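Using the working numbering, the final residue of the sequence shown is 429, and nothing's skipped along the way. The structure appears below as structure tokens.
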Amino acid sequence: MTPALPIGNDSAHAVFAAAMASGSLHHAWLFAGPEGTGKARFARAAALRLLAEAATPGMLPPGFDVPESNQTRRLIEAGSHPDYREIKRLPKESDKTGQELARSITIAQVRGLLPMFAMKPSLSPRRVVLIDAIDDVERPGASNALLKSLEEPPAGTIFILISHAPGRLLPTIRSRCRTLRFDPLGSVDMRSVIQANLGQATDAEVAALVRAGAGSPGRALGFAGLDLAALDDALAAIARDGDRSNARRVKLSKALAPKAAQPRYEAFLDRAPAFIAAMARGQHGERLRVALDSYDAARALSTTARALSLDAQGTVYEMAGLVAKLAAPA
């Protein structure tokens, strides 16, 4: 189904709506901001509205809504609209499940737009190309191929590029685009998104997901069902009381070591450094130094554990030891 507008970033939505209403919409937009903040979902809603409005001028209600009966909406939902292209990483050919994606968007995918650009739009004066994400476009070949289209845009074509790290893009690509900034969501909006998607989640789990998401609903929902509240409770107990007997660290490391616990282990590798960072914000003097040193060590351990596939049980035990350093001296 074509998505409704995401919660949050209302100002960004309003800026794009004003640009649409002005009648002089820039040909290339860069939707930039942290991953999971609703950029792609808004881009798809905006693309639908752009094409539907061009096909039936003055016939749609205000805002970004497009009725289910609208032909443009039906075609996009069926994946058969001739004037809409969405480019993203494809599944690896070697992965039969289709869940593992290729490392990048290839030059062949970008060049695949050229036959469409050689013709006028079919159903209206407008077409839309959405790239999710421009960060994934292969460099330099695919980036340069795209740049040529941005420099000399085909008539009626609107490009919407999604970027989680705009500072890493080619300056020549950024300069051809109007940037629309998406910010991390506040806790109220985060809670609304999580509750809308996980109606059965407990208050404790929702609160844990809000903390873990750090302003990104997409990130938070990726942790759903992993009982982050229990992980946070375990970390909080170690940080509060220490772990002189090592019992808490042993218990936690054994719980996260089995293969079946891999998703929770992955979440722990993200959550533990963030937990230490949050604890550091309330510290001063020597305790702040210890917390910052622990945070640096935790981040390094998390990165190394993933890169080298370190033993899960040993990694959790070591990470929990860093958390234990936050405990107040006896």
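For glycine and all other residues, C-beta sits at the position ideal for the given N, C-alpha and C. Please read all numbers here as calculations on a predicted model, not as lab measurements.
If L200 and P190 are in contact, beta carbons under 8 Å, what's the gap, nearest whole angstrom? Along the sequence shown, read from residue 1 onward, the residue named residue 200 stands at position 101. Along the sequence shown, read from residue 1 onward, the residue named residue 190 stands at position 91. About 6 Å; that satisfies the 8 Å criterion.
Just list the residues that DSSP pairs E365 with in beta bridges. Residue 365 sits at position 266 when you count from the first residue of the sequence shown. Answer by DSSP bridge pairing: none, since E365 is not bridged.
Would you tell me roughly how many angstroms separate the C-alpha atoms of D109 and A207, rounded to the nearest one? In the sequence shown, residue 109 corresponds to position 10, counting from 1. In the sequence shown, residue 207 corresponds to position 108, counting from 1. If you take the alpha carbons of D109 and A207, they lie about 36 Å apart.
Do you know how far the Cα of E152 is from the Cα of L407? Along the sequence shown, read from residue 1 onward, the residue named residue 407 stands at position 308. Along the sequence shown, read from residue 1 onward, the residue named residue 152 stands at position 53. Rounded to the nearest angstrom, the two C-alpha atoms are 51 Å apart.
Does DSSP put S123 in a helix, in a strand, or in coil? In the sequence shown, residue 123 corresponds to position 24, counting from 1. S123: coil per DSSP, three-state reduction.
Tell me, to the nearest whole angstrom, how far the beta carbon of S262 is from that of D234; I am working on the premise that it is less than 8 Å. Along the sequence shown, read from residue 1 onward, the residue named residue 262 stands at position 163. Along the sequence shown, read from residue 1 onward, the residue named residue 234 stands at position 135. Between D234 and S262 the Cβ distance is about 6 Å, and since that is below 8 Å, they are a contact.
Mark M100 as exposed unless 16 or more other C-beta atoms lie within 10 angstroms of its C-beta, in which case mark it buried. Taking the first residue of the sequence shown as position 1, residue 100 is located at position 1. Because the pLDDT at M100 is just 42, under 50, the model does not fix this residue reliably, and the point stays unresolved.
Assign H112 to one of three DSSP states: helix, strand, or coil. Here residue 112 refers to the residue found at position 13 of the sequence shown. DSSP places H112 in helix when its eight states are reduced to three.
What do you reckon, are the CB atoms on Y132 and P105 nearer than 9 Å? As a first step, residue 132 must be located in the sequence shown, where it is residue number 33. As a first step, residue 105 must be located in the sequence shown, where it is residue number 6. The amino acid at residue 132 is misidentified as Tyr; the sequence shows Gly. Their beta carbons are not under 9 Å apart, which means G132 does not touch P105 by this criterion.
Applying the criterion that 16 or more other CB atoms from any shown protein chain within 10 Å of the CB defines a buried residue, is G285 buried or exposed? If you number the sequence shown from 1, residue 285 lands on position 186. Classification for G285: exposed.
Let me know the secondary structure DSSP gives P372 once reduced to three states. Numbered from 1 along the sequence shown, position 273 holds the residue referred to as residue 372. If DSSP states are grouped into helix, strand and coil, P372 belongs with the helices.
At 3 residues or longer, and completely inside the region 241-301: list those beta strand (DSSP E) runs for me, N to C. 256-262 and 277-280
Measure the C-alpha to C-alpha separation of A111 and G162 and round it to an integer number of angstroms. Start at 1 with the first residue of the sequence shown, and residue 111 comes out as number 12. Start at 1 with the first residue of the sequence shown, and residue 162 comes out as number 63. One C-alpha to the other measures close to 13 Å.
Does the beta carbon of P220 come closer than 9 Å to any beta carbon on chain D? Considering every chain present, this structure includes no chain D. It has just one protein chain.
Anyone know if the C-beta pair for P377 and K424 falls short of 9 Å? Position 278 of the sequence shown holds residue 377. Position 325 of the sequence shown holds residue 424. Reading off the sequence, residue 377 comes out as Ala, not Pro. Cβ distance not < 9 Å, so A377 and K424 don't count as in contact.
How do the region 228-243 and the region 251-267 stand: do at least 3 beta-carbon pairs fall below 8 Å, yes or no? yes
Range covered by the alpha helix (DSSP H) that runs through E176: Within the sequence shown, residue 176 is the residue found at index 77, counting from 1. E176 -> alpha helix (DSSP H) spans Q170 to E176.
Since I230 is in the beta strand (DSSP E), which residue starts that stretch and which ends it? Residue mapping note: residue 230 aligns to position 131 of the sequence shown, counting from 1. Unbroken beta strand (DSSP E) run through I230: R226 to D231.
Are the beta-carbon atoms of L325 and G312 separated by less than 9 Å? Numbered from 1 along the sequence shown, position 226 holds the residue referred to as residue 325. Numbered from 1 along the sequence shown, position 213 holds the residue referred to as residue 312. No, the pair does not count as a contact, with Cβ atoms beyond the cut-off.
Taking C-alpha atoms, which residue in A113, A127, G107 and A120 lies nearest to T278? Here residue 278 refers to the residue found at position 179 of the sequence shown. Of the candidates A113, A127, G107 and A120, the one whose C-alpha sits nearest the C-alpha of T278 is A127.
Using CA coordinates, which residue listed in H383, R172, K187 and A254 is at the minimum distance from L124? Here the question's residue 124 lines up with position 25 in the sequence shown. L124 has its Cα closest to that of A254, out of H383, R172, K187 and A254.
Return the residue from the list A113, E134, G135 and S179 that minimises the CA-CA distance to A145. On the sequence shown, position 46 is the one that residue 145 refers to. Comparing Cα positions, the closest option is A113.
Which residue or residues does DSSP assign as beta-bridge partners of P190? Within the sequence shown, residue 190 is the residue found at index 91, counting from 1. Its beta-bridge partners are L200.
By alpha-carbon positions, which one of G157, L129 and F141 ends up nearest to G122? Within the sequence shown, numbered from 1, the residue matching residue 122 stands at position 23. The residue with the shortest Cα to Cα distance from G122 is G157.
Residues that DSSP places opposite V236 in a beta bridge: In the sequence shown, residue 236 corresponds to position 137, counting from 1. Per DSSP, I204.
Taking the beta carbon of D182 as the centre, do at least 16 other beta carbons fall within 10 Å, making it buried, or is it exposed? Along the sequence shown, read from residue 1 onward, the residue named residue 182 stands at position 83. D182 is buried by the Cβ-count criterion.
The alpha helix (DSSP H) with V165 in it runs from where to where? Position 66 of the sequence shown holds residue 165. Element bounds for V165: n/a, residue is neither H nor E.
Are S401 and P357 closer than 9 Å when you measure CB to CB? Reading the sequence shown from its first residue, position 302 is the one you call residue 401. Reading the sequence shown from its first residue, position 258 is the one you call residue 357. The answer is no: Cβ separation not under 9 Å.
Exposure label - A411; buried when at least 16 CB within 10 Å: On the sequence shown, position 312 is the one that residue 411 refers to. By the 10 Å Cβ count, A411 comes out buried.
Cβ atoms of I175 and V209: under 9 Å apart, would you say? Along the sequence shown, read from residue 1 onward, the residue named residue 209 stands at position 110. Along the sequence shown, read from residue 1 onward, the residue named residue 175 stands at position 76. Against a cut-off of 9 Å, the Cβ pair of I175 and V209 comes out as no contact.
Identity of the residue in M289, S352 and R280 nearest L129 by Cα: The residue you call residue 129 lines up with position 30 of the sequence shown. The candidate whose alpha carbon is nearest that of L129 is R280.
Tell me whether E152 sits in a helix, a strand or coil according to DSSP, three-state version. Taking the sequence shown and counting its residues from 1, one reaches residue 152 at position 53. If DSSP states are grouped into helix, strand and coil, E152 belongs with the helices.
Beta-bridge partners of A131, as assigned by DSSP: As a position in the sequence shown, residue 131 is number 32, starting the count at 1. Answer is S262 and R280, bridged to A131.
Distance check for D342 and A427, CA to CA, integer angstroms please. For this step, residue 427 is matched to residue 328 along the sequence shown. For this step, residue 342 is matched to residue 243 along the sequence shown. Rounded to whole angstroms, A427 to D342 spans 11 Å at the Cα level.
Which residues does DSSP list as the beta-bridge partners of R339? For the purposes of this step, residue 339 is taken as residue 240 along the sequence shown, with counting starting at 1. According to DSSP, which records beta bridges pairwise, R339 is partnered with nothing at all.
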